[in-house]
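The numbering of the sequence shown is our numbering, which starts it at 184 and goes up by one.
Just so it is clear, CB atoms sit at the ideal spot from N, CA and C, and this is done for glycine as well.
First the structure, in the form of structure tokens, and then the observations on it.
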Amino acid sequence: MLGLFSKKAMILGAPAAGQLLDITQVNDPFFASKNLGDGVAVIPQSQTVCAPCDGRLVMVFETRHAFGIRCGEVEVLVHIGIDTVQMQGQGFTALKKVNDRVRRGEPIIRFDRERLSAYDLTVMMFVTQPQALRWQKHLENSRVEAGDRVMTGERL
């Protein structure tokens, strides 16, 4: 009976270790204006980008600069860098493949910081299919590790 009234929150973790920002603070007006959805960004300190939640990898761009995960009813897009698509996949290594089951904090893409040094490597995470959830961002910690809670979604 008590289960009928409980709310189960969905937790999204940081896609990388580094400095946490609100998505509106990234250096690209298209992303900052939430055209792909609301979210957060991380200025990465490592070269590994991880799954923000437990789910299934539903897409890895051919250029490996972005991937999508389905977490229950929610879809999340992780995009590595600004204009990095121009590298046509050079400097990116996929560690998982489409349809793989992944866990929050598990490495998905590794990138070569030296090879991509001409680009802003900010890692952006967007909730592209928010469903019937109210999202709260947890921006109080400016320094995060991959998998640390950065957003929570609760049923409306």
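Give the range of the beta strand (DSSP E) segment to which residue i is assigned.
| i | result |
| --- | --- |
| PRO290 | 290-294 |
| GLU323 | Per DSSP, GLU323 belongs to no beta strand (DSSP E) and is neither H nor E. |
| HIS262 | 257-265 |
Over the uninterrupted alpha helix (DSSP H) stretch that includes residue i, give me the two end residues.
| i | result |
| --- | --- |
| ALA148 | Residue 148 is absent from the model: the chain starts at 184 and stops at 339. |
Using only the heavy atoms of the ligand MG, determine whether one of them is closer than 8 Å to the beta carbon of residue i.
| i | result |
| --- | --- |
| GLY201 | Absence of the ligand MG is noted for the structure shown, with no ligands found whatsoever. |
Roughly how many whole angstroms lie between the Cα atoms of residue i and residue j?
| i | j | result |
| --- | --- | --- |
| GLY201 | LEU339 | 31 Å |
| LYS320 | GLN269 | 30 Å |
| PHE294 | CYS233 | 11 Å |
| ARG253 | SER325 | 26 Å |
| SER189 | GLU337 | Because the pLDDT of SER189 is 39, which lies under 50, any placement of that residue in the model is unreliable, and the number read from its coordinates should be weighed accordingly. Cα-Cα distance, rounded: 11 Å. |
| GLU328 | LEU204 | 13 Å |
| THR207 | GLU258 | 20 Å |
Flag this pair as yes or no: are the beta carbons of residue i and residue j separated by less than 9 Å?
| i | j | result |
| --- | --- | --- |
| LEU219 | THR311 | yes |
| LEU322 | ILE291 | no |
| ASP283 | GLY196 | no |
| PHE309 | VAL261 | yes |
| ARG247 | PHE275 | yes |
| ASP221 | ARG287 | no |
| VAL209 | ALA224 | yes |
Quick test of your reading: residue i and residue j, contact by CB under 8 Å. State the CB separation rounded to the nearest angstrom.
| i | j | result |
| --- | --- | --- |
| GLY255 | MET334 | That pair is no contact at about 14 Å. |
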